[in-house]
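From first to last, the protein sequence lines stand for chains A and B.
Taking the working numbering, I'd label the letters of the first sequence as residues 1 to 334.
Taking the working numbering, I'd label the letters of the second sequence as residues 335 to 668.
Cβ atoms here follow ideal geometry from the backbone N, Cα and C, with glycine treated the same way.
Protein chains: 2
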Amino acid sequence: MLVAGTTRTAEIDGISAAGADSDLLVHTPSADAEIVTYGEPIRAPVVPVSPSGCPTPAVVTRAVKELIGLDVTVVDGGLAEPTGAPTVTVGARPGDDVREQDPVSTAPGALAAARKFGRSIPDDEVYLAETVPGGTTTALGVLRALGEEPVVSSSLPQNPLALKQEVVEEGLQASSLDPGDAADEPAVALRRMGDPVLATITGLLVGLVEGDTAVTLAGGTQLLTAAALARHAGIETTLPLATTTFVADDDSVDLRAAARELNVDLTVTDPVFENRDHPAMNAYVAGEAKEGVGMGGALALADAAGIPMADVRERIVTVYDRLLDGRESPEPET
Amino acid sequence: MLVAGTTRTAEIDGISAAGADSDLLVHTPSADAEIVTYGEPIRAPVVPVSPSGCPTPAVVTRAVKELIGLDVTVVDGGLAEPTGAPTVTVGARPGDDVREQDPVSTAPGALAAARKFGRSIPDDEVYLAETVPGGTTTALGVLRALGEEPVVSSSLPQNPLALKQEVVEEGLQASSLDPGDAADEPAVALRRMGDPVLATITGLLVGLVEGDTAVTLAGGTQLLTAAALARHAGIETTLPLATTTFVADDDSVDLRAAARELNVDLTVTDPVFENRDHPAMNAYVAGEAKEGVGMGGALALADAAGIPMADVRERIVTVYDRLLDGRESPEPET
Numbered sequence: 001m002l003v004a005g006t007t008r009t010a011e012i013d014g015i016s017a018a019g020a021d022s023d024l025l026v027h028t029p030s031a032d033a034e035i036v037t038y039g040e041p042i043r044a045p046v047v048p049v050s051p052s053g054c055p056t057p058a059v060v061t062r063a064v065k066e067l068i069g070l071d072v073t074v075v076d077g078g079l080a081e082p083t084g085a086p087t088v089t090v091g092a093r094p095g096d097d098v099r100e101q102d103p104v105s106t107a108p109g110a111l112a113a114a115r116k117f118g119r120s121i122p123d124d125e126v127y128l129a130e131t132v133p134g135g136t137t138t139a140l141g142v143l144r145a146l147g148e149e150p151v152v153s154s155s156l157p158q159n160p161l162a163l164k165q166e167v168v169e170e171g172l173q174a175s176s177l178d179p180g181d182a183a184d185e186p187a188v189a190l191r192r193m194g195d196p197v198l199a200t201i202t203g204l205l206v207g208l209v210e211g212d213t214a215v216t217l218a219g220g221t222q223l224l225t226a227a228a229l230a231r232h233a234g235i236e237t238t239l240p241l242a243t244t245t246f247v248a249d250d251d252s253v254d255l256r257a258a259a260r261e262l263n264v265d266l267t268v269t270d271p272v273f274e275n276r277d278h279p280a281m282n283a284y285v286a287g288e289a290k291e292g293v294g295m296g297g298a299l300a301l302a303d304a305a306g307i308p309m310a311d312v313r314e315r316i317v318t319v320y321d322r323l324l325d326g327r328e329s330p331e332p333e334t
Numbered sequence: 335m336l337v338a339g340t341t342r343t344a345e346i347d348g349i350s351a352a353g354a355d356s357d358l359l360v361h362t363p364s365a366d367a368e369i370v371t372y373g374e375p376i377r378a379p380v381v382p383v384s385p386s387g388c389p390t391p392a393v394v395t396r397a398v399k400e401l402i403g404l405d406v407t408v409v410d411g412g413l414a415e416p417t418g419a420p421t422v423t424v425g426a427r428p429g430d431d432v433r434e435q436d437p438v439s440t441a442p443g444a445l446a447a448a449r450k451f452g453r454s455i456p457d458d459e460v461y462l463a464e465t466v467p468g469g470t471t472t473a474l475g476v477l478r479a480l481g482e483e484p485v486v487s488s489s490l491p492q493n494p495l496a497l498k499q500e501v502v503e504e505g506l507q508a509s510s511l512d513p514g515d516a517a518d519e520p521a522v523a524l525r526r527m528g529d530p531v532l533a534t535i536t537g538l539l540v541g542l543v544e545g546d547t548a549v550t551l552a553g554g555t556q557l558l559t560a561a562a563l564a565r566h567a568g569i570e571t572t573l574p575l576a577t578t579t580f581v582a583d584d585d586s587v588d589l590r591a592a593a594r595e596l597n598v599d600l601t602v603t604d605p606v607f608e609n610r611d612h613p614a615m616n617a618y619v620a621g622e623a624k625e626g627v628g629m630g631g632a633l634a635l636a637d638a639a640g641i642p643m644a645d646v647r648e649r650i651v652t653v654y655d656r657l658l659d660g661r662e663s664p665e666p667e668t
């Protein structure tokens, strides 16, 4: 299940690399949903790339979907632009800048509706994934509101942590919150300091656990934040998280310690992108993007299905070439 | 692709068997989409059955999906109740009673948006299906407005043709249309005498053909009406239609003659339900339901994949039992 949505926090200069420029970021989640579903954008006007040309991790998830036939359900976690992907509605609306006083007024409703939806899903196993530019900043905001250790990675090679902290401090002030004020109140933390995607994911996570569906968090520190939110909602079961080596090796975070603290079991999969010199992969090796759109979960599923990583890389090239077919190829700066 | 939506025409007494009573009909398309997607209702409060207890053809399509792994995309063709199935939006809204003057004001917009969406679908092959209670009456209205031969089947064992004709005559009068007045104007026929599902299907059909995707119409006389609409939109290529023996053997219509007239190639698949004495199938043998939710297309795909019909029937029983698990089993009157 891929939750796709937006927060205007992403428009702050230097926060996110999930779009070629700040005007295009708003299309990224809609395009990601289409790329995973159809293999290419249908209604979205862009193929999401970072400012340096690094393609969206949706390419990786789509490649694995083509290899092992994943069933994908996209949930609208506050999309701001139309998508041609089929979506489930839980009432989430685009999130405002966390520096506003009440940026995610739909968070409590989306949390409740997603929880109910998650509880009713009959599947035995679900991987939960996200696409929301600016999502690590809102994750930081939520962790601070909950009073948890702030552990967030970045889609940029240099994690702009000082900027994120500044944004979050401003948000806490605007919301009249001190760190820890929203402990045991995930809906408050999400509404005041989060984004609609994280609210939706947290609702799904809690509902799926309650409905006895095995859930794996497929992503990096945003999904780890969903685990923290679930703890504050009273969920005690061990939660698995499947991510990439790019997040696990990120020097700006200690993912393993944070996972241990939250009783989260880590699966880290290395796609060995350095073995293939290709514009679809080089920027990842240089530290960009790292995760997103369920990339780490998709790689773990491919691995579990016995697909060699060389085959995954080959398919990534195929998906990438099809995506860029007829478009000017972005020039990665490595 | 399953287009799911509503028309208030279905509320006219005696028009449709696609719900246990007229209050429940409005949930049928939302529930059908969920049954095909998940195997059971998620948000919809009912399992759609006819007044006599005949289960929705969604059971058959779901059974085939489980056997051969169909990819299903649900398009919102004017749903009046929430669905937990992921849906694509083309701007269709619930249709009013065709006896109103302008019952489907969203038809031209949905037709255009669905056409654009259909053109952008990268798949090689698509089966188009519908779920809309009352849809054969609106199909009759559209055929009359186009000036085509009126050929419509029914979900009831006795096709209430006199009632449908009366409803359609009233609708033509309310819209100040004589038969044939909407020739070569599918948007007018759909807006004044149709329903939002048929508008969406016609748009998809035209767009898919224009986008060089192979399309099969998966259904009965409503899908045949979509072929007629496509002819009036200038589509000349031969169109395949896959339906059930229940429609092909319906004495109230001459499906073969109508198909020939429209240059439609018929595939008729017999699930041989009389070989299995079971409440999921007996009512079909007695002439109820006949088609819908892509049943005929699903059966054709199962057949083409080499699945014996006995296996399809066995899986129908599994899906049916799971659906009725914990609910009072409807008592079919055969």
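The way I'd put it, the segment 126-146 of chain A does touch the segment 222-240 of chain A; three or more beta-carbon pairs between them come closer than 8 Å.
Taking a beta-carbon distance threshold of 8 Å, B/Glu374 counts as an interface residue toward chain A. Contact annotation: A/Val47 and A/Ala31 have beta-carbon atoms nearer than 8 Å.
Taking 9 Å as the cut-off between beta carbons, the residues of the segment 118-136 of chain A near chain B are Ser120, Ile121, Pro122 and Asp123, in sequence order.
Rounded to the nearest whole angstrom, the CA to CA distance from B/Ala592 to B/Thr536 is 18 Å. Rounded to the nearest whole angstrom, the C-alpha separation of B/Pro642 and A/Ala286 is 53 Å. Remark: three or more beta-carbon pairs, one from each stretch, lie closer than 8 Å, so the segment 76-88 of chain A and the segment 415-426 of chain B are flagged as touching.
Taking CB atoms only, B/Thr421 has a neighbour in chain A less than 8 Å away. Pairwise C-beta distances place the segment 366-380 of chain B out of contact with the segment 600-614 of chain B, as fewer than three of them are shorter than 8 Å. Beta-bridge pairing by DSSP links A/Glu125 to A/Ala214. Within the model, the alpha-carbon separation for A/Ala228 versus A/Val206 is close to 11 Å. Three or more pairs of CB atoms, one per stretch, sit closer than 8 Å, so the segment 126-140 of chain A contacts the segment 13-24 of chain A.
Positions of the alpha helix (DSSP H) runs, each at least 4 residues long and wholly inside the segment 413-465 of chain B, are given as 441-454 in order along the chain.
Between the alpha carbons of B/Asp529 and A/Arg256 lies a distance of about 56 Å. In this structure, A/Leu239 and A/Leu266 do not form a Cβ contact; the two beta carbons are roughly 10 Å apart against a cut-off of 8 Å. Residue ranges of uninterrupted beta strand (DSSP E) with 3 or more members, entirely inside the segment 241-307 of chain A and ordered along the chain, are 264-269. The residue among B/Glu345, B/Ile369, B/Glu368 and B/Tyr372 with its C-alpha nearest the C-alpha of B/Val360 is B/Glu345. The alpha-carbon of A/Thr28 is positioned some 16 Å away from that of A/Gly14.
With fewer than three CB-CB distances shorter than 8 Å, the segment 292-301 of chain A does not count as touching the segment 425-432 of chain B. Residue contact with chain B for A/Gly19: absent (no Cβ-Cβ distance below 8 Å to any residue of chain B). Pairwise C-beta distances place the segment 517-526 of chain B in contact with the segment 436-449 of chain B, as three or more of them are shorter than 8 Å. Assignment of A/Pro196 by DSSP, reduced to helix, strand and coil, places it in the helix class. DSSP lists B/Ala426 as the bridge partner or partners of B/Gly411. Residues of chain B whose Cβ lies closer than 7 Å to the Cβ of A/Gly84 are, in chain order, Val422, Phe451 and Ser454.
Comparing C-alpha distances from B/Ala560 to each of B/Pro484, B/Gln499, B/Gln507 and B/Phe607 shows the shortest one belongs to B/Pro484. Nearest Cα to B/Arg453 within the set B/Leu506, B/Asp546 and B/Asp436: B/Asp546.
Counting along the chain, A/Val168 sits inside the alpha helix (DSSP H) bounded by residues Leu161 to Ala174.
A/Pro55 carries a strand assignment under DSSP once its states are collapsed to helix, strand and coil. Counting C-beta atoms within 10 angstroms of its own C-beta, A/Ser154 has 16 or more neighbours from the protein chains shown and is therefore classed as buried. Non-local C-beta neighbours of B/Val606 in its own chain, meaning closer than 7 Å and more than five positions away in sequence, comprise Met643, ordered along the chain.
Relative to the Cα of B/Ser386, the nearest Cα in the group B/Thr603, B/Ala623, B/Met629 and B/Tyr654 belongs to B/Ala623. Here A/Thr7 is buried. Its C-beta has 16 or more other C-beta atoms within 10 Å.
Proximity of chain B to A/Thr73 at the Cβ level (cut-off 7 Å) is accounted for by Pro420, in chain order. Measuring C-alpha to C-alpha distances from B/Thr652 to each of B/Val393, B/Cys388, B/Glu368 and B/Pro428 identifies B/Val393 as the nearest. Contact annotation: A/Gln222 and A/Gly135 have beta-carbon atoms nearer than 8 Å.
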